[in-house]
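At position 17 of the sequence shown the residue is numbered 17 (the UniProt record's numbering), and the sequence of numbers has no breaks. Structure record follows, encoded as structure tokens.
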Amino acid sequence: MTQRIALVTGGSRGLGKNAALKLAAKGTDILLTYHSNRQAALDVVAEIEKKGVKAAALALNVGDSTTFDAFASEVAQVLAQKWGRTTFDYLLNNAGIGLNAPLRRDQRSAV
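In structure tokens form, the structure reads like this:
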């Protein structure tokens with residue numbers, strides 16, 4: 001049987017990190033993405049590899065769709081180099097974008 005690979009977007013912290021670690025604990029290899037903190041992503045990769053599975057991290061800004069084609073090429077390259085494959089098995093689409101700002105009193109009534 002072929003080793004299973006999961007692509008976990010936003011896998012360097014929070015829910016994405018926890019999901020990546022749980023999948024790795026079940027024997028799934030992980031390709032995770034991060035937005036800007038490369039070191040945090042590499043730390044998660046190291047933690048995953050301690051579980052006896054393979055892992056890699058790629059930068060991805062989901063707020064900039066002009067980068068998606070280049071990202072897809074990077075995914076293909078990493079899959080070929082690290083796993084000798086052209087596909088992954090699971091997609092955990094966790095990364096998101098948002099505006100972090102305080103909610104004003106007058107905005108609450110609109111929600």
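Cβ coordinates follow ideal geometry from the N, Cα and C atoms, glycine included.
Exercise for review: Indicate the three-state DSSP secondary structure (helix, strand or coil) for Ile30 in the structure shown.
Suggested key: strand
Review point. Any idea what DSSP makes of Ile97, helix, strand or coil?
Key: coil
Check your understanding: By the 10 Å Cβ neighbour count, where 16 or more other Cβ atoms means buried, how is Tyr34 classified, buried or exposed?
Key -> buried
Practice item. Would you tell me roughly how many angstroms separate the C-alpha atoms of Val53 and Lys26, rounded to the nearest one? Key: 9 angstroms
Review point. Going by C-alpha distance, which of Gly96, Pro102, Thr67 and Arg13 is nearest Leu37?
Key: As written in the sequence, residue 37 is Asn, which differs from the Leu given in the question. Cα-wise, what sits closest to Asn37 is Arg13.
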